[in-house]
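Residue numbers for the sequence shown follow this note's numbering, so the first one is 39 and each next one is one higher. Heads up, the thing below is written out as structure tokens.
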Amino acid sequence: MYKRTHAASHFGKKVVLDGFKFDSLKEATFYQRYIKPSGYQFTTQERFTLLETFPLELVKLRQTVYKSDFVVYDKNGSIKHVYDVKNGYTEYAIDPKSKLKFSLFARKYGVPVEVVVMRKNYFNVAILGTTKKVKPVPMVNIDYDWQDIIR
């Protein structure tokens with residue numbers, strides 16, 4: 039049986055920087071260039087429950103969890119950004135399971151997951167799964183609201 043290789047599992051190399059463990063060099067670079075100097079409070083690898091464990095006759099079905107790369111909080115402690123760093127926006131870089139989790143996250147928490155693709159001097163950010171076609175938007179810092187991506 040053919041097993042599809044995903045970009046993250048194929049190319050990812052764990053990196054430790056400032057005491058944080060990142061799943062890839064791209065994540066560490068995003069942290070170093072954009073998250074750390076922003077001055078915002080943030081978490082890495084924060085887990086969010088999307089669906090609770092539930093019984094189904096004789097078995098229990100496992101909970102569904104989304105683990106973000108970065109969550110950035112505004113000065114009031116509300117979620118400003120939820121970032122997932124990827125290699126690209128193709129099916130190869132973002133599998134259907136991830137896209138489904140992004141949609142479930144947005145529905146439950148009221149904030150979309152922003153998919154980031156690093157470039158040399160900026161990053162592209164997009165929100166996937168919307169009914170309106172949203173093209174990736176180039177950004178040079180994280181001081182924006184996610185709604186700006188759609189406008």
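Don't be surprised by glycine CBs; every beta carbon is placed ideally from N, CA and C. Remember, it's a predicted structure, so these values are computed and weren't measured experimentally.
Check whether the Cβ atoms of TYR78 and ILE188 lie closer than 9 angstroms to each other. no
Look at the Cβ atom of PHE191, then the Cβ atom of LEU166, and state whether they are nearer than 9 angstroms. The first residue shown for the chain is 39 and the last is 189, placing residue 191 beyond what the model contains.
Presumed contact (8 angstroms Cβ cut-off) between TYR104 and PHE143, rounded CB distance: 5 angstroms
Within a Cβ cutoff of 8 angstroms, which residues of the same chain sit near PHE68, ignoring the five residues on either side of it in sequence? ASP107, PHE108, TYR121, VAL123, VAL154, MET156 and PHE161
Following the continuous alpha helix (DSSP H) through THR67, name the residue where it begins and the one where it ends. 63–68
Enclosing beta strand (DSSP E) for LYS124 [first to last residue]: 117–124
Entirely enclosed alpha helix (DSSP H) segments - the region 89–167, minimum 4 residues: 134–147
Among PRO176, GLU129 and PHE60, whose alpha-carbon lies nearest the alpha-carbon of LYS158? PRO176
Can you name the start and end residues of the alpha helix (DSSP H) that GLN185 belongs to? 185–188
Can you tell me whether TYR121 sits near the ligand SAM, meaning its C-beta is under 8 angstroms from at least one heavy atom of the ligand? Because no ligand of any kind appears in the structure shown, any question about the ligand SAM cannot be addressed here.
Residue of LYS173, TYR130 and GLN185 minimising C-alpha distance to VAL149: GLN185
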